[in-house]
Structures are given as structure tokens and as C-alpha cells.
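Converting from the sequence shown to my numbering requires adding 338 to each position, the first position being numbered 1. Think of the CB as a built atom: it goes at the ideal place given N, C-alpha and C, for glycine as much as any other residue.
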Amino acid sequence: MLKRDYYSLRFQIEFNFRDAKQFWGLEDFMNITQNSVTNAANLSFFMVNLSHCLLARFPHGNLNGSIMDLKAYYRGCLYAKETLKLLPQKQTPVLLAQIFHAISCNGRIHAPSAFVQPS
339 MLKRDYYSLR
349 FQIEFNFRDA
359 KQFWGLEDFM
369 NITQNSVTNA
379 ANLSFFMVNL
389 SHCLLARFPH
399 GNLNGSIMDL
409 KAYYRGCLYA
419 KETLKLLPQK
429 QTPVLLAQIF
439 HAISCNGRIH
449 APSAFVQPS
């Protein structure tokens with residue numbers, strides 16, 4: 339391997355640690371036993387990998403690679419589902435899609451480029 343390849347891998351590892359600490363609570367765990375520390379670290383890195391897979395599923399980079407937008411999108415979907423459960427009658431699929439889109443866009447940093455459902 340070339341030095342450039344080693345540095346590329348090193349920076350990817352550093353970015354993964356940054357994401358695990360910043361977005362998935364790696365530094366927030368208050369564990370003292372070896373097993374619980376291992377579980378917490380593995381959970382954080384699993385969430386980093388899962389979030390990158392989910393970001394890749396959105397067409398046309400609609401989330402601009404932002405984990406904050408990804409979290410806001412899924413939080414909005416959860417809020418929409420819970421809110422729609424409170425309605426007395428079931429709505430049409432077109433209206434449901436518009437409601438999900440409107441609520442899932444709340445809290446996002448980057449505005450969506452178009453009305454897009456993840457594949």
C-alpha cells in the first residue's frame with residue numbers, strides 16, 4: 339500500500355470516530371466495566387455504519403450527506419405516524435405522503451431538493 343492509501347484509511351477512521359462521538363453518543367456513555375464499554379463502542383460504530391447505508395439509499399443525495407438531516411427525517415416520520423394514529427378516519431395515500439413529507443422536513447438543516455421517498 340502507498341502512504342496515500344494509509345492516510346486515506348486513517349482519515350476515514352478519524353471521521354468514523356468523530357461521527358460516533360458527535361451523533362451517536364460515544365462520549366456520553368458512563369460505563370466502567372470492560373464489557374459495557376465494548377458494547378457502547380460497538381453500538382456507536384454500528385450506528386455510524388447504518389447511518390451511512392441509509393444516507394446512500396436516498397436518491398440524488400437528497401440529504402446532502404448530513405446525519406443530522408437523516409435523524410430529523412426519521413424523527414419526523416415517527417411524529418407523523420403517531421399524529422396520524424390520532425385521526426378519526428384514514429386519509430388518502432396522496433394526502434398521507436404529503437403529510438409525511440411536510441412533517442419529516444421539520445428540523446432539517448438542508449432543505450430537500452424535491453419531494454422524494456427513500457428507496
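Span separating the alpha-carbon of VAL386 from that of VAL432: By 1-based counting over the sequence shown, the position of residue 386 is 48. By 1-based counting over the sequence shown, the position of residue 432 is 94. Computed Cα separation, rounded: 33 Å.
Cβ separation of SER389 and LEU364, assumed to be a contact under 8 Å, to the nearest whole Å: For the purposes of this step, residue 389 is identified with residue 51 of the sequence shown, where counting begins at 1. For the purposes of this step, residue 364 is identified with residue 26 of the sequence shown, where counting begins at 1. Between LEU364 and SER389 the Cβ distance is about 13 Å, and since that is not below 8 Å, they are no contact.
Segment contact, 8 Å Cβ cut-off, at least three pairs: the region 410–423 with the region 439–446: yes
Nearest-angstrom Cβ-Cβ length linking ALA378 and PHE367, presumed shorter than 8 Å: Stepping through the sequence shown from its first residue, residue 378 is reached at position 40. Stepping through the sequence shown from its first residue, residue 367 is reached at position 29. That belief holds up - the Cβ atoms of ALA378 and PHE367 are roughly 4 Å apart, short of 8 Å.
Within 8 Å, strictly: CB atoms of ILE437 and LEU422: Stepping through the sequence shown from its first residue, residue 437 is reached at position 99. Stepping through the sequence shown from its first residue, residue 422 is reached at position 84. It is a contact, given that the beta carbons lie within the stated cut-off.
Reduced DSSP category for SER457 - H, G, I as helix; E, B as strand; rest coil: As a position in the sequence shown, residue 457 is number 119, starting the count at 1. Model confidence at SER457 stands at a pLDDT of 43, short of 50, so the residue's coordinates are unreliable and nothing is read from them.
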